[in-house]
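If you're matching them up, the sequences are chains A and B in order.
Going left to right, the first sequence walks through residues 1220 to 1450 as the working numbering numbers them.
Going left to right, the second sequence walks through residues 1220 to 1450 as the working numbering numbers them.
Just so you know, even glycine gets a beta-carbon here, dropped at the ideal spot from N, CA and C.
This one's a predicted model, so the numbers in the text were calculated from it and none came from an experiment.
Notes follow the structure.
2 protein chains.
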Amino acid sequence: MRLVVARCAARYTGRLAAHLPLATRLLVVKADGSVLLHSDGGSYKPLNWMSPPCTMAVVAPDAEAVERGVTAVWCVQHTKSDDRLEIDLHEVLHDSQHELGVDPGLVKDGVEAHLQALLAEQIQLLGDGHTLVRREYPTAIGPVDILARDAGGASVAVEIKRRGDIDGVEQLTRYLELLNRDPHLSPVRGVFAAQEIKPQARVLAQDRGITCLVLDYDAMRGVDDVASRLF
Amino acid sequence: MRLVVARCAARYTGRLAAHLPLATRLLVVKADGSVLLHSDGGSYKPLNWMSPPCTMAVVAPDAEAVERGVTAVWCVQHTKSDDRLEIDLHEVLHDSQHELGVDPGLVKDGVEAHLQALLAEQIQLLGDGHTLVRREYPTAIGPVDILARDAGGASVAVEIKRRGDIDGVEQLTRYLELLNRDPHLSPVRGVFAAQEIKPQARVLAQDRGITCLVLDYDAMRGVDDVASRLF
DNA sequence: TGTTCAATGTCGCAA
DNA sequence: TTGCGACGTTGAACA
Chain A
1220 MRLVVARCAA RYTGRLAAHL PLATRLLVVK ADGSVLLHSD GGSYKPLNWM SPPCTMAVVA
1280 PDAEAVERGV TAVWCVQHTK SDDRLEIDLH EVLHDSQHEL GVDPGLVKDG VEAHLQALLA
1340 EQIQLLGDGH TLVRREYPTA IGPVDILARD AGGASVAVEI KRRGDIDGVE QLTRYLELLN
1400 RDPHLSPVRG VFAAQEIKPQ ARVLAQDRGI TCLVLDYDAM RGVDDVASRL F
Chain B
1220 MRLVVARCAA RYTGRLAAHL PLATRLLVVK ADGSVLLHSD GGSYKPLNWM SPPCTMAVVA
1280 PDAEAVERGV TAVWCVQHTK SDDRLEIDLH EVLHDSQHEL GVDPGLVKDG VEAHLQALLA
1340 EQIQLLGDGH TLVRREYPTA IGPVDILARD AGGASVAVEI KRRGDIDGVE QLTRYLELLN
1400 RDPHLSPVRG VFAAQEIKPQ ARVLAQDRGI TCLVLDYDAM RGVDDVASRL F
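Right, here's the structure in full:
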């Protein structure tokens, strides 16, 4: 990711035609080539941008542009359409480059969070004699959905998904690797729990010694309702 | 605007609940207090954000968080709702501050651009004997829509809007101030042209010696069609 | 891969 | 302020 703060002007043509008068702005060039042009206010939407896939060419300004104070022109061209963003750079106030790596992405805690709460209440669904240690057990790479102990006192890490895909198994694998380094917990067994577990995910989980558990959301809510009515 | 690159994790609660596992990301704190949390790919939409109006408090992490490697926690609270974004900072790789100033904002060249083209063709609408110098006459603060000369050879700068508001008069005023510094052009007279001119804008324009011109888009297109049919 | 639908939608305009 | 519609919508789930 490249961060540039510069006095600049810009023109966009594509779905519509628009331009930005000269002002100081933040330019972000992401690893995939996409470009964002932000002002120092407003919402998260940039003033202008180019979505990936796209390529950027830095070209020298023509004589007239030089006359106006343009030092360089960024031509950002979309690869699959004729969307085009041209940025006239006047004065560069900051320019830095950063390695960020891939991002695990946002996790929305909707049904998934509810499933987690229900399973925490009904921890015996993991097997007789299981006890809850805690929900959202923190690790360096993010919280594990549930940490429990089985009847024999051994640790069990549970990853919960609405739809159980390979990604979820990979995620649980990373958690297990980390948790098993902790002598207070090790050995930690893994349980992959989801409303629906895809065949590929099931195969991968079994290959790694991870237990699969299909959760019946409606049944679990029913038990919860019954339990609630008792109080 | 503050730019921070850091290994971080985040939690959002408000319209929904969501969290971001630990990864290296770009954090942008805008002058209005809004916060963006960007990964190094994807579209212009941040992974997570807080819209203005909001306030940020930097708090010390609790013992458990320190254990996980958290060095600081940013609590960003929306002022008018209970939307809340908490960012756990682990390692700060970059931190810089920049003064950007206010942004003139995006100008969409739709009807406005068409009006400009039509008026350039029908420049006599400014008055008999007027001649076009050029459209998009460049200045340091952006292009003037139309530069023309009147029957006597004096310069005329035209600002075109679909809806003529006070902002447009202010904009034209800035252009005139700049253009009048150029001895080759000065004195430059201003014309504020729009499909509809708001009373307040008209008063301000007249006060500054700027001529108001109401443009009849349909009529101008009609003339254009007739002219086109001649060829 | 294309299509449909929700969104922490956002944004702009009119009443 | 509030409501409504458009968006360079984006993003996810489903066929």
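**OP:** Look at the alpha carbon of W1268(B) and the alpha carbon of H1403(A), and state the distance between them as a whole number of angstroms.
**Re:** Looking at the backbone, the Cα of W1268(B) and that of H1403(A) are separated by about 37 Å.
Original post:
Is it true that the CB of L1312(A) sits closer than 8 Å to the CB of H1317(B)?
Top reply: The answer is yes: Cβ separation under 8 Å.
Subject >> Beta-carbon separation (whole angstroms), S1262(B) vs S1262(A), contact threshold 8 Å >> reply: Between S1262(A) and S1262(B) the Cβ distance is about 14 Å, and since that is not below 8 Å, they are no contact.
Original post:
Opposite T1298(A) in the DSSP bridges: which residues?
Top reply: Secondary-structure assignment with DSSP links T1298(A) through no beta bridge to anything.
Original post:
Can we say the stretch 1289–1296 of chain A touches the stretch 1417–1436 of chain A, given the rule of at least three CB pairs closer than 8 Å?
Top reply: Short answer: they don't touch.
Original post:
Which of the three DSSP states, helix, strand or coil, is assigned to Q1414(A)?
Top reply: In the structure shown, the three-state DSSP call for Q1414(A) is strand.
**OP:** State yes or no: is the C-beta of P1240(B) within less than 8 Å of the C-beta of A1228(B)?
**Re:** Cβ atoms of P1240(B) and A1228(B): closer than 8 Å.
**OP:** Determine the chain A residues that contact W1268(B) at a beta-carbon separation under 9 Å, and present them in chain order.
**Re:** Neighbours of W1268(B) in chain A, taken as residues whose beta carbon is under 9 Å from its own, are S1262 and Y1263 in chain order.
Original post:
DSSP on H1333(B), reduced to helix/strand/coil?
Top reply: H1333(B): helix per DSSP, three-state reduction.
Original post:
Going by the CB atoms, is the gap between A1284(B) and D1307(B) shorter than 8 Å?
Top reply: Yes. Within cutoff.
Subject >> Beta-carbon proximity check, H1257(B) vs V1388(A), cutoff 8 Å >> reply: Taking 8 Å as the Cβ cut-off, H1257(B) and V1388(A) do not qualify as a contacting pair.
Original post:
Cα separation between V1377(B) and G1288(B)?
Top reply: Roughly 60 Å between the two C-alpha positions.
Original post:
When DSSP labels each residue in this structure, what does L1256(A) get in the three-state scheme?
Top reply: It is a strand residue.
Original post:
Does the stretch 1370–1386 of chain A come within contact of the stretch 1404–1415 of chain A, defined as at least 3 CB pairs closer than 8 Å?
Top reply: In this structure the stretch 1370–1386 of chain A lies against the stretch 1404–1415 of chain A, because at least three pairs of beta carbons, one per stretch, are closer than 8 Å.
Original post:
Which bits of chain B does H1317(A) rub up against, with CB to CB less than 7 Å?
Top reply: Taking a Cβ-Cβ cut-off of 7 Å, the neighbours of H1317(A) in chain B comprise V1224, L1312 and H1313, given in sequence order.
**OP:** Following the continuous beta strand (DSSP E) through R1217(B), name the residue where it begins and the one where it ends.
**Re:** Given that chain B is displayed from residue 1220 to residue 1450, the structure contains no residue 1217(B) and the question cannot be resolved.
Original post:
Taking L1304(B) as the reference, which of D1328(B), C1273(B), A1332(B) and V1330(B) has the closest Cα?
Top reply: That would be C1273(B), whose Cα lies nearest to the Cα of L1304(B).
Original post:
Rounded to a whole number of angstroms, what is the C-alpha to C-alpha distance between S1253(A) and R1221(A)?
Top reply: Their Cα atoms are separated by approximately 11 Å.
**OP:** Please confirm whether R1354(A) and A1339(A) have their CB atoms less than 8 Å apart.
**Re:** Yes, these two residues count as a Cβ contact at 8 Å.
Original post:
Around the Cβ of P1362(A), are there at least 16 other Cβ atoms within 10 angstroms (buried) or fewer (exposed)?
Top reply: Counting other Cβ atoms within 10 Å of its Cβ, P1362(A) reaches 16 or more and is therefore classed as buried.
Original post:
Interface residues of chain A around I1306(B) at Cβ under 7 Å?
Top reply: The premise fails here: I1306(B) is roughly 13 Å from chain A at the closest Cβ pair, so nothing lies under 7 Å.
Subject >> Residue-level contact to chain A via CB, V1247(B), 8 Å cutoff >> reply: Yes, its Cβ sits closer than 8 Å to a Cβ of chain A.
Subject >> Under the three-state DSSP convention, the category D1435(B) falls into >> reply: In this structure, DSSP gives D1435(B) a state outside helix and strand, which the three-state scheme calls coil.
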